[in-house]
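J.: One structure, as structure tokens, below. Some questions next.
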Amino acid sequence: MYKPLVFLFLFFLFLSYSFLVYTKGTSTAIVHMNPEAVKGKLLYQKFNCTACHQIYGLGGYLGPELTTCIRARGNNDSYAKALLAAGSQRMPNFNLSENEINEMIAYLKYIDATAITYPTKK
Numbered sequence: 057m058y059k060p061l062v063f064l065f066l067f068f069l070f071l072s073y074s075f076l077v078y079t080k081g082t083s084t085a086i087v088h089m090n091p092e093a094v095k096g097k098l099l100y101q102k103f104n105c106t107a108c109h110q111i112y113g114l115g116g117y118l119g120p121e122l123t124t125c126i127r128a129r130g131n132n133d134s135y136a137k138a139l140l141a142a143g144s145q146r147m148p149n150f151n152l153s154e155n156e157i158n159e160m161i162a163y164l165k166y167i168d169a170t171a172i173t174y175p176t177k178k
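Each residue of the sequence shown is one higher than the one before, counting from 57 in this note's numbering.
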């Protein structure tokens, strides 16, 4: 007798929670991706950067985590531009044009703006 009531109660509780999360729970601090960042994302996918790099904790482990790489360098994108232009010992030179480099930087800035960082204990 109680099982159907418990089931209905939990079902409606879950339904209410889902409605709240999908309507109001994700509406704060939305950062829209500009067209240049969209092109950067497509380049990131084209060159399969996820094989080596992580974004939001997902991806490979050979290269550094890129979620907050722009912020880690003091919001200075010249370091990232230099790496994208010339590569490094572990990262190949993809021969990106100046426009493609700027698009990748725009994508990295978008990721940085949407990242949630937690304070570390010292």
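We treat Cβ as the ideally placed atom computed from N, Cα and C, and that holds for glycine.
(1) Are the segment 132–144 and the segment 86–101 touching by the rule of at least three beta carbon pairs closer than 8 Å?
(2) L164: which of P120, V77, F68 sits nearest, CA to CA?
(3) Among H109, E92, A128, L114, which has the Cα closest to the Cα of I161?
(4) On the premise that T123 lies in contact with Y112, defined as a C-beta separation below 8 Å, what is that separation, rounded to the nearest angstrom?
(5) List the residues that DSSP assigns as beta-bridge partners of I157.
(6) Shortest alpha-carbon distance to M147 belongs to which of A107, S153, T79?
(7) Quick check: what's the CA-CA separation for D133 versus F75?
(8) Taking I167 as the reference, give the member of I126, E154, L152 with the closest Cα.
(9) Using alpha carbons as the reference points, say which of V94, F68, G115, S144 lies closest to E156.
(10) Kindly indicate which three-state DSSP category G96 falls into: helix, strand or coil?
T.: The relevant details are as follows:
(1) no
(2) P120
(3) E92
(4) 6 Å
(5) Partner(s): none; I157 has no beta bridge.
(6) A107
(7) 40 Å
(8) I126
(9) V94
(10) helix
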